[in-house]
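Asks: Let me give you the structure first, and then I'll get to my questions.
Number of protein chains: 2
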Amino acid sequence: MLELAILGFLKEGPAHGYELRTKVAALTGHVRPVADGTLYPAIKRMAGAGWITRRDEPGAAAAPRRVLYLAEAGERELERRLRDPDPLDLSDENRWFTLLAFLRHLDDPAAQAGVLRRRLAFLEQPASFFYDGDRPMRAEEFGDPFRQGLLSIARATSRAELAWLHATIDSLDRAAGP
Amino acid sequence: MLELAILGFLKEGPAHGYELRTKVAALTGHVRPVADGTLYPAIKRMAGAGWITRRDEPGAAAAPRRVLYLAEAGERELERRLRDPDPLDLSDENRWFTLLAFLRHLDDPAAQAGVLRRRLAFLEQPASFFYDGDRPMRAEEFGDPFRQGLLSIARATSRAELAWLHATIDSLDRAAGP
DNA sequence: CATCGATACATCGGAGCCGAGGTATCTCGG
DNA sequence: CCGAGATACCTCGGCTCCGATGTATCGATG
Numbered sequence: 001m002l003e004l005a006i007l008g009f010l011k012e013g014p015a016h017g018y019e020l021r022t023k024v025a026a027l028t029g030h031v032r033p034v035a036d037g038t039l040y041p042a043i044k045r046m047a048g049a050g051w052i053t054r055r056d057e058p059g060a061a062a063a064p065r066r067v068l069y070l071a072e073a074g075e076r077e078l079e080r081r082l083r084d085p086d087p088l089d090l091s092d093e094n095r096w097f098t099l100l101a102f103l104r105h106l107d108d109p110a111a112q113a114g115v116l117r118r119r120l121a122f123l124e125q126p127a128s129f130f131y132d133g134d135r136p137m138r139a140e141e142f143g144d145p146f147r148q149g150l151l152s153i154a155r156a157t158s159r160a161e162l163a164w165l166h167a168t169i170d171s172l173d174r175a176a177g178p
Numbered sequence: 001m002l003e004l005a006i007l008g009f010l011k012e013g014p015a016h017g018y019e020l021r022t023k024v025a026a027l028t029g030h031v032r033p034v035a036d037g038t039l040y041p042a043i044k045r046m047a048g049a050g051w052i053t054r055r056d057e058p059g060a061a062a063a064p065r066r067v068l069y070l071a072e073a074g075e076r077e078l079e080r081r082l083r084d085p086d087p088l089d090l091s092d093e094n095r096w097f098t099l100l101a102f103l104r105h106l107d108d109p110a111a112q113a114g115v116l117r118r119r120l121a122f123l124e125q126p127a128s129f130f131y132d133g134d135r136p137m138r139a140e141e142f143g144d145p146f147r148q149g150l151l152s153i154a155r156a157t158s159r160a161e162l163a164w165l166h167a168t169i170d171s172l173d174r175a176a177g178p
């Protein structure tokens, strides 16, 4: 998830680590702030894989900045991850939203629509949160307000996203169509 | 997150591992299915910590079942985790929803309201997903539909939860109040 | 009566992530 | 001119998690 965010932001221009830290924190931080001990090892890892290149930037800043650029292998990796997402990227909200934030870098409406359709298929499979033996429970059945709230919030979220998915898939299809 | 779910479900009665697997998958599976390689080590870990006890159940099932019971230390651990949640449990959606599912086991409306208030405080801090340098961007500004969708879905979710939080805190306060 | 699928439990390697800590420089207020 | 705070980078230990793989039994299907 972090790696995708780094690839996506670097696609929009070079940045140094601390700058990425701010951007990633803004994007995913409303849910889970990124720790330095997560970010910098990720950068190192990705540089080792050849996805990004580092150049030392002299002067200017307080501490020596190491500017990060997306390498060609990194572009390919980003494209690959967007076009054919890991199953977890489609089911886990955090990962999915991260993917969504960079889906615009996939320069192909048909492929974009394909990704949205896969998320749609996931969202449309009926989910019951609680069971009484084999029987799925309905919200009205559990007396406590917490599980009722849980269900109603989850449903509101789901409705909002489903509506958006349908509308966006339609418009992408029109853009890709004959 | 998994441990909290296991503690919570066992609070509602004993179960064997495979049964837990189903319940946990129903609760968190809409987002992130649980793998056997995650569940069984967690059970082992928690048995080692003295939170749950295992008894072999003879006969009946195909394979030998090991029934799990919540031990006293486990009850205390559950109470502790609900009453004073880890910061990550308040920010990460997955973790938060799991916590919410078992908040009813905290037998104290004032404490429950306290937990909701902490989530409220987190949700109320303004979140901007994207920045143009230092300046937070508004949804209308980024042309691509994906980030617009991301923002509108996130806001719909946030609105739904905020409304529920306020209403529920009020009613808990009335229940706890004089 | 043999095979397949579901039930049920378990282990292993590898990976990402968190939290805490550490280093160094620059700027600004007192 | 001194110290506090922001900037900027990095490492380490420990934990949880994933995915693959393995074992064994029961019931139903053909």
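Order-wise, the sequence lines are chains A and B. Counting from 1, one number per residue, gives the positions in the first sequence under the UniProt record's numbering. Counting from 1, one number per residue, gives the positions in the second sequence under the UniProt record's numbering. Quick reminder that beta carbons are idealized off the backbone N, C-alpha and C, glycines included.
1. From what residue to what residue does the alpha helix (DSSP H) around Val-34/B run?
2. Which bits of chain A does Gly-17/B rub up against, with CB to CB less than 7 Å?
3. Lys-23/A versus chain B: which residues are under 9 Å apart at the beta carbon?
4. Give the single residue among Pro-64/A, Ser-128/A, Leu-70/A and Pro-87/A whose Cα lies nearest to the Cα of residue 179/A.
5. Is the Cβ-Cβ distance between Tyr-131/B and Ala-15/A less than 9 Å?
6. Name the chain B residues that come within less than 8 Å of His-166/A, Cβ to Cβ?
7. Assuming Arg-21/A contacts Val-34/A (C-beta within less than 8 Å), just tell me the rounded distance between them.
8. Bridge partners for Pro-85/A per DSSP, in chain order?
9. Please give me, in chain order, every unbroken run of the beta strand (DSSP E) with length at least 3 that falls completely inside the stretch 102-130 of chain B.
10. My assumption, with CB atoms under 8 Å, is that Pro-85/A sits in contact with Leu-106/A. Please give the rounded CB distance.
11. Going by DSSP, name the residue or residues bridged to Thr-53/A.
12. Quick one: which chain B residues come within Cβ less than 8 Å of Gly-114/A?
13. Return yes when the Cβ of Leu-78/A is within less than 9 Å of the Cβ of Leu-4/A, no when it is not.
14. Using DSSP's beta-bridge definition, name the partner residues of Phe-15/A.
15. Name the chain A residues whose beta carbon is nearer than 7 Å to that of Val-31/B?
16. Using the Cβ count rule (16 or more neighbours within 10 Å means buried), how would you classify Thr-38/B?
17. Please report the straight-line C-alpha distance between Leu-162/A and Leu-120/A, rounded to a whole angstrom.
18. Compare the C-beta of Ala-176/B against all C-beta atoms of chain A and say whether one is closer than 9 Å.
19. What do you reckon, are the CB atoms on Ala-113/B and Gly-8/B nearer than 9 Å?
20. Between the alpha carbons of Leu-88/B and Met-1/B, how many angstroms are there, rounded?
21. Measure the C-alpha to C-alpha separation of Arg-174/B and Arg-66/B and round it to an integer number of angstroms.
22. Can you pull the chain A neighbours of Arg-147/B, defined as C-beta to C-beta under 8 Å?
23. Are the C-beta atoms of Ile-153/A and some chain B residue less than 9 Å apart?
24. Should Thr-157/A be flagged as near chain B, meaning a C-beta pair shorter than 9 Å?
25. Taking a contact to mean a Cβ-Cβ separation below 9 Å, would you say Phe-129/B touches Leu-151/B in this structure?
26. Taking Asp-144/A as the query, report the chain B residues whose CB atoms sit under 9 Å from its CB, ordered along the chain.
27. Quick check: Ala-160/A and Ala-156/B, are their CB atoms within less than 9 Å of each other?
28. Is the beta carbon of Leu-82/B less than 9 Å from the beta carbon of Ala-111/B?
29. I'd like to know whether the C-beta atoms of Leu-103/B and Phe-142/A end up nearer to each other than 9 Å.
30. For a test of the three-state rule: what should DSSP assign to Asp-170/A, helix, strand or coil?
31. Can you list the residues of chain B that Ala-111/A reaches, using a CB-CB cut of under 9 Å?
32. My output table needs one value for Pro-136/A: the three-state DSSP class, helix, strand or coil.
33. Please state whether DSSP places Met-1/B in a helix, a strand or coil.
34. Taking the C-alpha atoms as reference points, what is the distance between Val-24/B and Asp-144/A?
35. Pull up the distance between the alpha-carbon of Arg-45/B and that of Leu-68/B, whole angstroms please.
Replies: Reading off the structure:
1. Note, Val-34/B: premise wrong, no alpha helix (DSSP H); not H, not E.
2. Taking a Cβ-Cβ threshold of 7 Å, none of the residues of chain A is close to Gly-17/B; the smallest such distance is about 16 Å.
3. Simply Phe-130 and Tyr-131.
4. Coverage of chain A is limited to positions 1 through 178, which leaves residue 179/A absent and any answer about it impossible.
5. At the C-beta level, Tyr-131/B and Ala-15/A stay beyond 9 Å of one another.
6. Those do not exist, as His-166/A stays about 11 Å from chain B at its closest Cβ, beyond 8 Å.
7. Between Arg-21/A and Val-34/A a beta carbon distance of about 7 Å is seen, short of the 8 Å cut, so the two are scored as contacting.
8. In DSSP, Pro-85/A forms no bridge with anything.
9. As for any beta strand (DSSP E) of minimum length 3 sitting wholly inside the stretch 102-130 of chain B, there is none.
10. That pair is no contact at about 10 Å.
11. For Thr-53/A, which the question treats as bridged, DSSP gives the partners Tyr-69/A.
12. Going along chain B, no residue has its Cβ under 8 Å from Gly-114/A, so there is no contact; the nearest lies around 14 Å.
13. A contact, by the Cβ cut-off of 9 Å.
14. First, the amino acid is wrong: residue 15/A is Ala here, not Phe. Its beta-bridge partners are Leu-68/A.
15. Those within 7 Å of Val-31/B in chain A are Ser-91, Asp-92 and Glu-93.
16. Classification for Thr-38/B: exposed.
17. Leu-162/A and Leu-120/A have their C-alpha atoms roughly 7 Å apart.
18. Cβ-Cβ to chain A under 9 Å: no for Ala-176/B.
19. Between Ala-113/B and Gly-8/B, the C-beta gap is not smaller than 9 Å, which leaves the two residues out of contact.
20. The alpha-carbon separation between Leu-88/B and Met-1/B amounts to approximately 10 Å.
21. If you draw a straight line from the Cα of Arg-174/B to the Cα of Arg-66/B, it comes to about 43 Å.
22. When 8 Å is used as the limit between beta carbons, Arg-147/B is near these residues of chain A: Leu-100, Ala-101 and Arg-104, in chain order.
23. It does: the Cβ of Ile-153/A has a partner Cβ on chain B nearer than 9 Å.
24. By this cut-off, Thr-157/A is an interface position.
25. Leu-151/B is positioned such that its CB atom lies closer than 9 Å to that of Phe-129/B.
26. Ordered by position in chain B, the residues that pass the 9 Å Cβ test against Asp-144/A are Leu-103 and Arg-104.
27. Between Ala-160/A and Ala-156/B, the C-beta gap is smaller than 9 Å, which places the two residues in contact.
28. Closer than 9 Å, so yes.
29. No, Cβ-Cβ distance for Leu-103/B and Phe-142/A is not below 9 Å.
30. Look at Asp-170/A here: in three-state DSSP terms it is helix.
31. Listed by position along chain B, the residues whose Cβ is nearer than 9 Å to that of Ala-111/A form an empty set, because the closest Cβ is around 13 Å away.
32. In this structure, DSSP gives Pro-136/A an extended state, which the three-state scheme calls strand.
33. Met-1/B falls in the coil class under three-state DSSP.
34. In a straight line, the C-alpha of Val-24/B is about 19 Å away from that of Asp-144/A.
35. So the alpha carbons of these two residues sit roughly 13 Å apart.
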